[in-house]
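In the working numbering, the protein residues as written are 1 to 232. Take a look at the structure set out below.
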């Protein structure tokens, strides 16, 4: 649950590598591509950087399924592409998500992306030493409530915890979820991913890993600046 500086340094390397793999893989998106095509490209990008890893992709309405879909969809102009993946360095994991539009995003896509971004920002701002994990989850949901969404685990909104622990496993305890009163402590590492699901339309997940220090929370990676710029 608590990571040493040496462990955090390995996680930093894993995150740095996955960001590089994202850059290489997104540059190769093209019309007609499937999620399997993208997985192969992203796995090759990780191998070229000296590690095993990969990035899954959910296209168009399949992105509204938090755990993906087996549906065969070929990428076309205007489609949302939700990507989620990572790698390991000496066993320590990265877990990063990006959501973009292939082509020109619509007004609604931009608005929902910006709302998910606001929720992610709220999580990071709330996190810190002594803060109960459930309060961090609640901070993201309050953003959705303020914009007229249910705010619980209903849809439209975020149907799952807003983050989880990460280290030697991609998903570790401790969870950022309602009911978990465990206070955050220095050395804890988490994902920040308050996914926004619009059933029947699309989903937006912006995910970056962060860790707790005595001074506050610190990201391993720089979050997406905009829907048009997935990598800072």
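Glycine included, every Cβ here is placed at the ideal spot set by N, Cα and C.
Using CA atoms only, rank isn't needed, just tell me which of 57, 103, 49, 17 is closest to residue 78. The residue given as residue 78 occupies position 78 in the chain shown. Comparing alpha-carbon positions, the option among 57, 103, 49, 17 lying closest to residue 78 turns out to be 103.
Starting from residue 94 and walking both ways along the alpha helix (DSSP H), at which residues does that stretch end? On the chain shown, position 94 is the one that residue 94 refers to. It is not in any alpha helix (DSSP H) - residue 94 carries neither H nor E in the DSSP assignment.
For residue 106, the three-state DSSP class (helix, strand or coil): Mapped onto the chain shown, residue 106 falls at position 106. Coil.
From the DSSP output, in three-state form, read off residue 121 for me. By 1-based counting over the chain shown, the position of residue 121 is 121. In the three-state scheme derived from DSSP, where H, G and I count as helix and E and B as strand, residue 121 is classed as helix.
Determine the burial state of residue 252: buried for a count of at least 16 other Cβ atoms within 10 Å of its Cβ, exposed for fewer. No statement about residue 252 is possible, as the shown extent of the chain runs from 1 to 232 and does not include it.
Looking only at C-alpha atoms, which of 43, 177, 28, 230 sits nearest to residue 132? Translated into the one-based positions of the chain shown, residue 132 becomes position 132. Distances from the CA of residue 132 to each of 43, 177, 28, 230 were compared; the closest alpha carbon is that of 177.
What's the C-alpha gap between residue 191 and residue 18? In the chain shown, counting from the first residue as 1, residue 191 sits at position 191. In the chain shown, counting from the first residue as 1, residue 18 sits at position 18. Each residue's alpha carbon lies about 14 Å from the other.
To which residues does DSSP link residue 218 through a beta bridge? For the purposes of this step, residue 218 is taken as residue 218 along the chain shown, with counting starting at 1. Beta-bridge partners assigned by DSSP to residue 218: 211.
Tell me the rounded alpha-carbon separation between residue 50 and residue 9. Taking the first residue of the chain shown as position 1, residue 50 is located at position 50. Taking the first residue of the chain shown as position 1, residue 9 is located at position 9. Approximately 17 Å, taken between the alpha carbons.
C-alpha distance - residue 76 paired with residue 158, whole-angstrom precision: Along the chain shown, one-based indexing puts residue 76 at 76. Along the chain shown, one-based indexing puts residue 158 at 158. In this model, residue 76 and residue 158 are separated by some 26 Å (Cα to Cα).
Quick check: what's the CA-CA separation for residue 189 versus residue 98? If you number the chain shown from 1, residue 189 lands on position 189. If you number the chain shown from 1, residue 98 lands on position 98. Straight-line Cα distance between these residues: approximately 19 Å.
Pick out whichever of 184, 197, 221 has its Cα sitting closest to the Cα of residue 3. To locate residue 3, count along the chain shown from 1; it is residue 3. Residue 3 has its Cα closest to that of 184, out of 184, 197, 221.
How many Å lie between residue 66 and residue 30 at the Cα? One-based indexing of the chain shown puts residue 66 at position 66. One-based indexing of the chain shown puts residue 30 at position 30. Cα to Cα, residue 66 sits roughly 23 Å from residue 30.
Under 7 Å Cβ to Cβ from residue 155, same chain only, skipping five residues before and after it: list those, please. Position 155 of the chain shown, counting from 1, holds the residue named residue 155. Close CB contacts of residue 155 within its chain, under the 7 Å cut and outside five residues either way in sequence, are with 197, 199 (chain order).
I'd like to know if the region 100-120 and the region 39-55 are in contact, where contact means that at least 3 CB-CB pairs between them fall below 8 Å. When C-beta atoms of the region 100-120 are compared with those of the region 39-55, fewer than three pairs fall below 8 Å, so the two segments do not count as touching.
With distances taken Cα to Cα, identify the nearest neighbour of residue 108 among 80, 56, 224. For the purposes of this step, residue 108 is identified with residue 108 of the chain shown, where counting begins at 1. Residue 80 holds the alpha-carbon nearest to the alpha-carbon of residue 108 among 80, 56, 224.
Near residue 243, which residues of its chain fall below 7 Å by C-beta distance, leaving aside the five closest residues on each side in sequence? No statement about residue 243 is possible, as the shown extent of the chain runs from 1 to 232 and does not include it.
Could you tell me the distance, in whole angstroms, from the CA atom of residue 20 to the CA atom of residue 28? Here residue 20 corresponds to residue number 20 of the chain shown, with the count starting at 1. Here residue 28 corresponds to residue number 28 of the chain shown, with the count starting at 1. Rounded to whole angstroms, the separation of the alpha carbons of residue 28 and residue 20 is 13 Å.
By the 10 Å Cβ neighbour count, where 16 or more other Cβ atoms means buried, how is residue 209 classified, buried or exposed? Within the chain shown, numbered from 1, the residue matching residue 209 stands at position 209. With a threshold of 16 other beta carbon atoms within 10 Å, residue 209 meets it and is buried.
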